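This report refers to the structure that appears directly beneath it.
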Amino acid sequence: MTTGVLLLHGSSGTPDLERARILEAEGYDVLAPRWTVREEVALDSFPLDELAARNDRLVVMGSSWGAEAALLLGALDERVDAVIAFAPGAYVWGRFVENGSQRPAWTWHGEPLPFVPSDPDWKAYDDPPSFVGWYRQSLKRYAAEAEAARIPVERIRGEVLLIAGGDDKVWPSTEFADEIVRRRGERTTRVVALPAAGHRTVLPGEQPKTAGQRMARGGTEEADRELGALAWPEIRKVLAG
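Per my numbering, the sequence shown starts with residue 9, numbered consecutively.
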């Protein structure tokens with residue numbers, strides 16, 4: 009049995025090629041496409057068809073916005089056998105476009121998915137800015153939209169592995185992970201978390217990722233590496249099926 013891995017990057021816009029090489033060294037067929045993070049993205053444009061044509065199992069792995077996409081694909085595409093989400097989100101969020109308006113981030117077969125607007129009145133007072141408070145405040149302000157924009161994780165038929173840092177300064181990924189676990193009920197869902205780690209987990213053999221806009225991401229390199237070391241055996245279990 010062969011396993012294909014769709015590896016989705018986050019808001020940095022840079023594919024996780026080092027992570028892809030680590031997974032390929034384990035014997036997995038990996039595709040790590042680049043996608044435009046500031047524009048509407050068709051979830052069905054990701055190359056699952058290509059992976060499915062040559063593999064028996066499909067795993068979608070993503071980080072941050074890529075984790076959002078991975079969980080959505082797991083819920084929407086019945087071919088997905090497992091999802092691995094680093095710094096997971098529990099909701100669909102929109103994207104700001106050039107004129108300052110907010111647009112859907114994702115479509116599925118041409119239809120835009122409902123999203124939680126980001127509160128335009130929120131301001132960051134730290135430097136570099138952390139955004140975790142923005143997401144919490146937006147969920148409170150737009151509670152009705154948030155309910156409609158929950159990722160239907162209960163529809164993911166396979167296993168879900170969530171990896172989150174308790175010091176995440178981008179968004180409240182451990183809170184989102186807890187919510188995903190609640191919504192999944194008795195379905196197989198595992199969480200690997202570390203209170204001192206931040207938004208970007210560093211797996212064994214990786215260097216910390218530096219691409220992306222200037223912002224606070226929390227954690228330390230030591231803690232982010234520790235979380236990666238804790239998560240790696242669980243990742244291998246999911247990939248092995």
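Backbone N, C-alpha and C fix where the C-beta goes; we use that ideal spot for every residue, glycine too. All of these numbers come straight from a predicted model, not from anything done at the bench.
What number of angstroms, rounded off, separates the C-alpha of residue 139 from the C-alpha of residue 156? Cα to Cα, residue 139 sits roughly 22 Å from residue 156.
Counting only runs that start and end within the region 115–195, where is the alpha helix (DSSP H) found for 4 or more residues in a row? 140–149, 151–156, 181–192, all fully within the region 115–195.
Of the choices 164, 239, 147, whose alpha-carbon is the least far from that of residue 195? Ranked by Cα distance from residue 195, the options 164, 239, 147 are led by 164.
For residue 58, which residues from the same chain have a beta carbon less than 7 Å from its beta carbon, with the 5 sequence-adjacent residues on both sides left out? The beta carbon of residue 58 sits closer than 7 Å to the beta carbons of 39 from its chain, once the five residues preceding and following it are set aside; these are given in chain order.
Around the Cβ of residue 65, are there at least 16 other Cβ atoms within 10 angstroms (buried) or fewer (exposed)? By the Cβ-count criterion, residue 65 is buried, with 16 or more other Cβ atoms from all chains shown falling within 10 Å of its own Cβ.
Segment limits, beta strand (DSSP E) that includes residue 198: DSSP places residue 198 inside the beta strand (DSSP E), whose first and last residues are 197–202.
Taking 8 Å as the limit between beta carbons, can you name the residues of its chain near residue 22, skipping five residues before and five after? Counting only Cβ-Cβ distances below 8 Å, and skipping sequence neighbours, we find 42, 217, 219, 220.
Roughly how many angstroms lie between the CA atoms of residue 9 and residue 226, to the nearest whole one? Distance between the alpha carbons of residue 9 and residue 226 is about 39 Å.
Can you name the start and end residues of the beta strand (DSSP E) that residue 33 belongs to? Element bounds for residue 33: not the beta strand (DSSP E) but the alpha helix (DSSP H), 25–33.
Beta-carbon contacts of residue 16 that lie in its chain and below 6 Å, excluding the five residues immediately before and after: Listed in chain order, the non-local C-beta contacts of residue 16 below 6 Å within the same chain comprise 70, 74, 77, 78, local neighbours out to five positions each way being set aside.
By Cβ distance, which residues of its chain are closer than 6 Å to residue 171, with the 5 residues on each side in sequence left out? So the list reads 94, 200, 209, 239, once near-sequence residues are dropped.
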